[in-house]
Amino acid sequence: MQFKVPQFLEIEDKIFGPFTFRQFVYLTGGAGMCFLLYRLLGLWVSAIPIVAIAGFALALAFYKPNNKPFIFMVQAVFKYFLQGRMYIWKNPKNGILIKNQVQAGLGIGNQNISYPAVSEGRLSGNKLRDLAWSLDVLDLNKEK
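Residue numbers (my numbering): 16 to 159.
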């Protein structure tokens, strides 16, 4: 017995006219926010925020950088700014210093955590030769 296998699973169905459900939600949300700004602040005061919100809603609905939805890029921007970072190249003598700067609506918080220094091992000439030989032997085995 043969079954039909669905094709093009990545393509969303057009539900509201020429728009998918996701595009429709982004556009109606942006239009609703623009309308609220217009009603609360008037046209002259809210003209710039209305243009910004409308552009963002249009980008969410239609712009696909690298064939991925724009919301993935927005999510990556938020993740980048909110998660802590460890800079390997900023290593003071007393240990590794991790500086976590989180910029949120509440302000800037700095948190310094110091870890004990990791001792660096030196390779002697014999160990270095042995290591180079073992890498050469492994490389020769892969070629065969």
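We put the beta carbon where it would ideally sit given N, CA and C, even for glycine. Keep in mind the model is a prediction, meaning the values are calculated, not measured.
- L24 and L153 have their alpha carbons spaced roughly 43 Å apart.
- Nearest to F39 by C-alpha distance, out of Y95, V89, A72, is A72.
- T35 is bridged by DSSP to K29.
- When rounded, the separation of the alpha-carbon atoms in V20 and G99 is 44 Å.
- Here G57 carries a coil assignment [DSSP, helix/strand/coil].
- When DSSP states are grouped into helix, strand and coil, P80 belongs to the helix group.
- Ranked by how close their Cα comes to the Cα of G44, the residues K83, Q90, L75 have L75 in first place.
- Pairing L52 with S61, the inter-Cα distance amounts to about 6 Å.
- In its chain, beyond the 5 residues on either side, M88 have a beta carbon closer than 7 Å to the beta carbon of P80.
- Spanning the alpha carbons of K142 and L150 requires a straight line of approximately 12 Å.
- Sixteen is the threshold: since fewer than 16 other Cβ atoms of the shown chains lie within 10 Å of the Cβ of I103, the residue is exposed.
- I103 carries a coil assignment under DSSP once its states are collapsed to helix, strand and coil.
- The three-state reading of DSSP puts K19 in coil, since its state is none of H, G, I, E or B.
- From the listed residues Y78, G57, A46, N82, the smallest Cα separation to I68 is found for A46.
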